[in-house]
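Participant: I am attaching a structure below and will ask some questions about it afterwards.
There are 2 protein chains.
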Amino acid sequence: MDWASELGAWGAVSVAEEERGAHSGDVSGHAASLPQVVVWPRDGAGVAGILAWANERGVAVTPWGAGTSVEGNPIPVAGGILLSLARMDRILEVSLEGKYGVVEAGVKYRELNRALAGTGLHFAVEVGGDATVGGMIGNNAAGPKAVKYGATKEHVLGLEVVLADGRRMRTGSKAWKQSCGYNLTQLMVGSEGTLGVIIEATVRLTAVPEFVEVLVAEFGSVEEAVGCVGRMRGLDAGALEFLDGSFMGFLGEAERDTLFCEFHREGDGEAAERICLGGGAVSVRRGTEAADRERLWGARLRAYTAAGEAHAGSKLLTTDTAVPLGTFGAMVGYLREELVNRGLVGYLLGHVGDGNLHVILPYKDRAEWEKVKEFSRAAVGRSLELGGTASGEHGVGMGKREHLEAEHGREAVEVMRMIKRGMDPKGILNPGKVLPG
Amino acid sequence: MDWASELGAWGAVSVAEEERGAHSGDVSGHAASLPQVVVWPRDGAGVAGILAWANERGVAVTPWGAGTSVEGNPIPVAGGILLSLARMDRILEVSLEGKYGVVEAGVKYRELNRALAGTGLHFAVEVGGDATVGGMIGNNAAGPKAVKYGATKEHVLGLEVVLADGRRMRTGSKAWKQSCGYNLTQLMVGSEGTLGVIIEATVRLTAVPEFVEVLVAEFGSVEEAVGCVGRMRGLDAGALEFLDGSFMGFLGEAERDTLFCEFHREGDGEAAERICLGGGAVSVRRGTEAADRERLWGARLRAYTAAGEAHAGSKLLTTDTAVPLGTFGAMVGYLREELVNRGLVGYLLGHVGDGNLHVILPYKDRAEWEKVKEFSRAAVGRSLELGGTASGEHGVGMGKREHLEAEHGREAVEVMRMIKRGMDPKGILNPGKVLPG
């Protein structure tokens, strides 16, 4: 196939090994897969042209934002066209009065926030990777600030989507409130490019907090830490994070289950300190100055990187269960035991404020992969028993498809399949993801 | 048809004129329509039995919560079965630690909050009517607190739904965070009983504010009032309401455009007062004691009832546009002019914090109805021009179907139709609603 002459009208095209390789895997250990071609459309017409062409021929199309996913979400497992949104990176409109921004899908959220600096508004979702807004919407990403601001889904007012056959669909509006017809915006959020390609988004902009205080509290047990989080429910918490004692030790800190908290209202840090000291904390530190906050947050910030660097040559599997708030301690206890029982190394950290827990598990080869994968399955099983989910913020991708029916039941998965068939009858959009095979 | 012997196994059944009449219209002026039979199932098995029976025979089924809708959403326009959820009114579980409640669809939200009194948690959506949780979810209702807490959609963690053919589907989970497959929960929220019957909901419970201050500020113009609201964006506002000057005059108050605000953080009322006085307010009153707050909120609270009582013998049409935040003043200006141009009486009030504006229009007969309906069409037209919506919080029902395509475009409506066909192939579920004919 002469891809350049077939697709060149709609964007830059490359079949170079290097470009295909650079778009064959995300930041997870999921098996990479080369696309046949990488295309970078520059506008909606380009995306529409590519999809119409591919749909007619039954060629797979996998959308790509920044490749920072961790469940293999943008890996082109069926080859075909890798559709990169990276060059659709214009901020189209910012309305400070309307508190919304309109961006092309390839705009990175940090870039959007740089453009908003000094306005008093920001896009309030923060994730670890240098992700695009489109990718964050596709995966319904979240991160530490979700405890206050909600996941990405709560920041999307409207979308422009190119459907499988190249038709362009608008959803939502620029109003903050809308109750008018089926919520196609939320159907697209978290659909991981399997129902359409998001090319433009209208996102909510949120007031930047004028006051920020960081609190770090060390505990003798996870139950004490979780109990304190439960008692903080009236406070204006911008983040409520948990690092496991052994992980803290590994990071060179005191080997204690630790809460990393951020508060946005004066007095709440003090109130939280009282709660922590009354709830068993052995030490509490607080800071409001930028330098102090950064120092206090240090261990939390370097946790992921440190785990990776300590296992150079290994890949990492990261679990992503989220359980009902009151059961976080039980989940941590179960996973610690399972790590011991299975003789595995695993680093626990989580967004305790919303019940979302990650275990970072290094593995070197197929045999080790099987072991960490079995651990991950057990974690999901326990999460579902507790009323939780297989994936709190990473999406389904390749990694969680096998759990979809256990989590949602047969009827819900049948409805999902019906929607997928209706919106992508030829199955060209990001095949091999979300729905089980 | 002997309805009692056909449906009696699944719930109480009535064909009495009185019961059919009591379930033939909502609180709006939309034309009432008698169902052939009213059924009150007591559990999910009952709902499933009724739907399987009706689907086999192609009999229309219209779900009913409390009948407090204002767009004709639960009116059985095609007759058939009126399925009342009123007797499925059990609170099944409350988890204070997990911050969720599980309720049957017929539980009234005020009842849920009464049950939660003293726990420090509540279901944070407040609407004017004595609505059921299921009805609020079906319509994605909102109300004055949405500026802080969001609409009903942001409070639903999971659902149990009976599908058209009687299968039962679960969606979501009890975790606060979930990014795992297509968001069927949000597809059901706001679908007004046209895609399935919601029988059970897991809802978020939110901390009751420990501090509440009310502020009422009178302005010489709506632009000044809106400008001040824009400058309050860093404050912890629990409600930001607007009453038009003439409406205030009608209510016996000073004839000035007035903001009714609620703040949940100490000091924010004072900050808002400074903003209002610096932004043109001619008077500002504040209060933190319950009695003072009630007195200050008085005019806002009695506004709807007073408008209705002043026009005894008339019906009321209430518009429900929501526009981007910065354009609220332009919308008010346009509607005032249109009222004058058309020689209509209309009372303006709105949730200015989220751009949602209502005009209450009395009408007596068909001729007057045509005039207020034309006004409503013009309001929607202007809202869409401004980037807004036909319906901020009342849903589509019968009243807004004609605007669906103008608001969302042909492609989105086609996708909505595809979903409707897939989930309700015989079209038995609440026919004549949401999608245009």
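From first to last, the protein sequence lines stand for chains C and Y. Mapping the first sequence onto the working numbering, position 308 (from 1) lands on 308, and the numbers just tick up by one. Take any residue in the second sequence, note its place counting from 1, add 437, and you have its number in the working numbering. Heads up, the beta-carbon is just placed ideally off N, CA and C, and yes, glycines get one too. Since we're looking at a predicted model, the values are computed, not measured.
Using a Cβ-Cβ distance cut-off of 8 Å, determine whether G671(Y) contacts chain C.
Facilitator: For the purposes of this step, residue 671(Y) is taken as residue 234 along the second sequence, with counting starting at 1. Yes, G671(Y) counts as interfacial toward chain C.
Participant: In the DSSP output, what is L348(C) paired with across the bridge?
Facilitator: The count along the first sequence starts at 1 and reaches residue 348(C) at position 348. The partner list for L348(C) (beta bridge, DSSP) reads V359(C).
Participant: Across which residues does DSSP place G502(Y) in a beta bridge pair?
Facilitator: Residue numbering aside, residue 502(Y) sits at position 65 when the second sequence is read from its first letter. Partner(s): none; G502(Y) has no beta bridge.
Participant: Would you say N577(Y) and V626(Y) are within 8 Å of each other, going by their C-beta atoms?
Facilitator: As a first step, residue 577(Y) must be located in the second sequence, where it is residue number 140. As a first step, residue 626(Y) must be located in the second sequence, where it is residue number 189. Contact: yes.
Participant: Can a CB atom of chain Y be found closer than 8 Å to the CB of C180(C)?
Facilitator: Sequence index remark: in the first sequence, residue 180(C) carries index 180 (1-based). Yes, its Cβ sits closer than 8 Å to a Cβ of chain Y.
Participant: Tell me, please, whether the CB atom of I419(C) is closer than 8 Å to any CB atom in chain Y?
Facilitator: Mapped onto the first sequence, residue 419(C) falls at position 419. With 8 Å as the cut-off, I419(C) counts as an interface residue toward chain Y.
Participant: Measuring only between beta-carbons, confirm whether K611(Y) sits less than 8 Å from chain C.
Facilitator: Here residue 611(Y) corresponds to residue number 174 of the second sequence, with the count starting at 1. For K611(Y), the answer is yes, since a Cβ of chain C falls inside 8 Å of its Cβ.
Participant: Just reading off the beta strand (DSSP E) that G630(Y) is part of, what are its end residues?
Facilitator: Numbered from 1 along the second sequence, position 193 holds the residue referred to as residue 630(Y). Taken as a continuous stretch (DSSP letters only), G630(Y) belongs to no beta strand (DSSP E), as it is neither H nor E.
Participant: Short of 7 Å Cβ to Cβ, which residues in the stretch 388-408 of chain C face chain Y?
Facilitator: Correct list: G388, T389, A390, S391, G392, E393, H394, G395, V396, K400, L404, E407, H408.
Participant: If you follow the beta strand (DSSP E) that M606(Y) is part of, which residue opens it and which one closes it?
Facilitator: Your numbering for residue 606(Y) matches position 169 in the second sequence. Run containing M606(Y): 605-609, per the beta strand (DSSP E) assignment.
Participant: Closer than 7 Å between beta carbons: that is the criterion. Which residues of the stretch 157-171 of chain C meet it against chain Y?
Facilitator: Residues passing the 7 Å Cβ filter: L163, R167, R168, M169, R170, T171.
Participant: Given a cut-off of 8 Å, decide if I137(C) and A48(C) are closer than it, judged by their beta-carbon atoms.
Facilitator: Against the first sequence, residue 48(C) aligns to sequence position 48. Against the first sequence, residue 137(C) aligns to sequence position 137. No, these two residues do not count as a Cβ contact at 8 Å.
Participant: Starting from the beta carbon of S532(Y), find every residue of chain C whose beta carbon is closer than 7 Å, and list them in chain order.
Facilitator: Numbered from 1 along the second sequence, position 95 holds the residue referred to as residue 532(Y). Residues of chain C passing the Cβ test: P324, G326.
Participant: Measure how close the beta-carbons of S314(C) and Y363(C) come, nearest whole angstrom, since I'm counting them as under 8 Å.
Facilitator: Locating residue 314(C) in the first sequence gives position 314, counting from the first residue. Locating residue 363(C) in the first sequence gives position 363, counting from the first residue. So it is a contact: roughly 6 Å between Cβ atoms.
Participant: Quick one: what's got a C-beta closer than 7 Å to E839(Y)'s C-beta in the same chain, skipping five residues either side?
Facilitator: Locating residue 839(Y) in the second sequence gives position 402, where the first residue counts as 1. Excluding positions up to five away in sequence, the list reads P873.
Participant: Starting from S628(Y), find everything on chain C with Cβ-Cβ shorter than 7 Å and list it in chain order.
Facilitator: The count along the second sequence starts at 1 and reaches residue 628(Y) at position 191. Chain C residues near S628(Y): Y182.
Participant: For W53(C) and Y149(C), I'd like the C-alpha separation in whole angstroms.
Facilitator: For this step, residue 53(C) is matched to residue 53 along the first sequence. For this step, residue 149(C) is matched to residue 149 along the first sequence. Approximately 40 Å between the Cα atoms of the pair.
Participant: What residues of chain C sit near K810(Y), judged by a beta carbon separation below 8 Å?
Facilitator: If you number the second sequence from 1, residue 810(Y) lands on position 373. Within chain C, no residue comes near K810(Y); the closest Cβ sits about 17 Å away, beyond 8 Å.
Participant: Note down the Cα distance separating L83(C) from L471(Y), rounded to an integer number of angstroms.
Facilitator: Working through the first sequence from its first residue, we reach residue 83(C) at position 83. Working through the second sequence from its first residue, we reach residue 471(Y) at position 34. Going from the Cα of L83(C) to the Cα of L471(Y) covers about 54 Å.
Participant: Quick check on the burial criterion: 16 or more other C-beta atoms within 10 angstroms. Buried or exposed for P862(Y)?
Facilitator: As a position in the second sequence, residue 862(Y) is number 425, starting the count at 1. Classification of P862(Y): exposed, given that the 10 Å Cβ count is below 16.
Participant: Count the CB pairs spanning the stretch 563-573 of chain Y and the stretch 535-543 of chain Y that are closer than 8 Å, and state whether there are at least three.
Facilitator: Result yes; three or more Cβ-Cβ pairs closer than 8 Å.
Participant: Return helix, strand or coil for E71(C), following the three-state DSSP convention.
Facilitator: Along the first sequence, read from residue 1 onward, the residue named residue 71(C) stands at position 71. The answer is coil: DSSP assigns E71(C) none of H, G, I, E or B.
Participant: Do E393(C) and K614(Y) come within 8 Å of each other at the CB atom, strictly closer than that value?
Facilitator: Along the second sequence, one-based indexing puts residue 614(Y) at 177. Along the first sequence, one-based indexing puts residue 393(C) at 393. Yes; because the gap between Cβ atoms is below 8 Å, this pair is in contact.
Participant: Would the beta-carbon of R170(C) fall within 8 Å of that of G846(Y)?
Facilitator: Against the first sequence, residue 170(C) aligns to sequence position 170. Against the second sequence, residue 846(Y) aligns to sequence position 409. Yes. Within cutoff.
Participant: Check each candidate in V37(C), D292(C), E224(C), T327(C) and name the one with the smallest Cα separation from V212(C).
Facilitator: In the first sequence, the residue the question calls residue 212(C) occupies position 212. Out of V37(C), D292(C), E224(C), T327(C), D292(C) has the C-alpha closest to the C-alpha of V212(C).
Participant: What three-state label does DSSP hand V38(C) in the structure shown?
Facilitator: As a first step, residue 38(C) is located in the first sequence; it is residue number 38 there, counting from the start. Of the three classes helix, strand and coil, the one that applies to V38(C) here is strand, per DSSP.
Participant: Could you name the residues of the stretch 760-793 of chain Y whose beta carbon sits closer than 8 Å to any beta carbon of chain C, in the order they occur along the chain?
Facilitator: Listed in sequence order: V760, P761, L762, G763, T764, H788, D791, G792, N793.
Participant: Determine which residues share a DSSP beta bridge with I91(C) and list them.
Facilitator: As a first step, residue 91(C) is located in the first sequence; it is residue number 91 there, counting from the start. Bridge partners of I91(C): V103(C).
Participant: Thinking C-alpha only, which one of L404(C), G79(C), N356(C) is nearest S24(C)?
Facilitator: Here residue 24(C) corresponds to residue number 24 of the first sequence, with the count starting at 1. The shortest Cα separation from S24(C) among L404(C), G79(C), N356(C) belongs to G79(C).
Participant: For A644(Y), does the three-state DSSP call read helix, strand or coil?
Facilitator: For the purposes of this step, residue 644(Y) is taken as residue 207 along the second sequence, with counting starting at 1. Correct three-state label for A644(Y): strand.
Participant: Do you know how far the Cα of G387(C) is from the Cα of R256(C)?
Facilitator: Indexing the first sequence from 1 puts residue 256(C) at position 256. Indexing the first sequence from 1 puts residue 387(C) at position 387. Using only the alpha carbons, I get a separation of about 28 Å.
Participant: Determine the contact status of L163(C) and E842(Y), defining contact as a CB-CB distance below 8 Å.
Facilitator: Translated into the one-based positions of the first sequence, residue 163(C) becomes position 163. Translated into the one-based positions of the second sequence, residue 842(Y) becomes position 405. Cβ atoms of L163(C) and E842(Y): not closer than 8 Å.
Participant: What is the residue span of the alpha helix (DSSP H) that K438(C) lies within?
Facilitator: What the structure shows of chain C is the stretch from 1 to 437, and residue 438(C) is not part of that stretch, so it cannot be assessed.
Participant: Given A482(Y), which residues of its chain have a CB within under 8 Å of its CB, disregarding the five upstream and five downstream residues?
Facilitator: Locating residue 482(Y) in the second sequence gives position 45, counting from the first residue. Result list for A482(Y): W447, in chain order.
Participant: Put S751(Y) into one of helix, strand or coil per three-state DSSP.
Facilitator: Sequence index remark: in the second sequence, residue 751(Y) carries index 314 (1-based). S751(Y) falls in the coil class under three-state DSSP.
Participant: Can you give me, in chain order, the residues of the stretch 54-70 of chain C that have a beta carbon less than 8 Å from any beta carbon in chain Y?
Facilitator: Listed by position along the chain: nothing, the set is empty.
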